[in-house]
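What follows is a short report on a single structure.
Numbering (this note's numbering), first residue to last: 1435 to 1823.
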């Protein structure tokens, strides 16, 4: 590179003092920088600004806000807003609604109901902010998530929705459809929960009814088989008979001993001895026989044990049936009281002026990013040029 010789007035006699730099002039590099600034910054800025202020169509915003309420959850009025009430169920329902309202299934159903494709593709001259006519289902879902903003307050479970469209009526129709669909979903979930709780309780009641019927049938078969109504009552009767015979035996033995002590040898002594023998034999027969006519090859204790077990099963079945019946009544009462519903505190609104797209903000941000990118590229190029010079 040829070094430009300094004029005489800039020369110095001291070699330690560097000579002053000559006046800089306009070079080819400066021309290239100016051209690149015009092409890479000004021209895109003019294009973006022209599109945003001349081509981009107005968009209107409709809002709706609601919360899922549960009558079972204790309500503390205004204190619920500062977290002093139970909001676990409301938060879960809000997350469920958030995922549902963003799902492809809901978008497809809403498209069939109100014609989303026609609403979002009305502005053919605005390809950036509108949906194409030949858009796929995935494109429609992505555009829906861009046009519909869903915010959930995790502390209270409140849901706020903003829907954008190219006309106020379309925007309000979208929010109305979202509100109606959310209400239907909450009602369906609440109805299914109530139906399930009642159905499970009735199923348990049916099982206990079958168990109670089996226990009663087993008792009836036992009575028919052993020809007795109540073995325990038979035991009591048997004990009473044996006690009476034992008392008579005692009196007979006293009478026999009295006759022997008197030295009597007449017929009365023989009769007394016979009566004692008969009473003893009768007591033994009563102790070994089956009260009520049981089978001879089965002991009465086994019969009594079997009856006791069946009676215990019957008592347990009756108690289970009573508990199951109370459970059904409680489930039905709870189902009538435990009701989820959609509490709307901001109904669907209809905009009067267009607030989207944010033309100035989008233009300024775009131009700023373009300028930063151009400046970074210029600094990198100049740095590399000076380094390898």
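Just so it is clear, CB atoms sit at the ideal spot from N, CA and C, and this is done for glycine as well.
- Taken in chain order, the whole alpha helix (DSSP H) runs of length 4 or more contained in the stretch 1725–1790 are 1734–1771.
- Distance from the CA of residue 1618 to the CA of residue 1585, rounded to the nearest whole angstrom, comes to 20 Å.
- For residue 1657, the uninterrupted alpha helix (DSSP H) segment begins and ends at 1602–1660.
- The beta carbon of residue 1624 is closer than 7 Å to those of 1773, 1774 in its chain, skipping five residues each way along the sequence.
- Under the three-state reduction of DSSP, residue 1470 is assigned to helix.
- For residue 1611 and residue 1633, the gap between their C-alpha atoms comes out near 32 Å.
- In this structure, residue 1603 sits away from residue 1495, with a CB-CB distance that is not shorter than 8 Å.
- By the C-beta density criterion, residue 1549 is exposed, having fewer than 16 other C-beta atoms within 10 angstroms.
- Rounded to the nearest angstrom, the Cβ distance from residue 1490 to residue 1793 is 7 Å, consistent with a contact under 8 Å.
- At the C-beta level, residue 1574 and residue 1541 come within 8 Å of one another.
- Taking the C-beta atoms as reference points, residue 1643 is found no nearer than 8 Å to residue 1762.
- The C-beta distance from residue 1498 to residue 1781 rounds to 7 Å, short enough to fall under 8 Å.
- In this structure residue 1706 is buried. Its beta-carbon is surrounded by 16 or more other beta-carbon atoms within 10 angstroms.
- Around the CB of residue 1628, 16 or more other CB atoms lie within 10 Å, so the residue is classed as buried.
- C-alpha of residue 1678 to C-alpha of residue 1702: approximately 23 Å in a straight line.
- In the three-state DSSP reduction, residue 1562 falls in the coil class, being neither helix nor strand.
- For residue 1553, no beta strand (DSSP E) segment is defined; the enclosing uninterrupted segment is the alpha helix (DSSP H) at 1550–1554.
- Residue 1613 counts as buried, since at least 16 other C-beta atoms from the protein chains shown sit within 10 angstroms of its C-beta.
- About 23 Å separates the beta carbons of residue 1493 and residue 1571, which is beyond the 8 Å limit, so they are not a contact pair.
- Non-local C-beta neighbours of residue 1756 in its own chain, meaning closer than 8 Å and more than five positions away in sequence, are absent.
- Between residue 1593 and residue 1609, the CB-CB gap reaches or exceeds 8 Å.
- Here the alpha carbon of residue 1564 sits roughly 24 Å from the alpha carbon of residue 1532.
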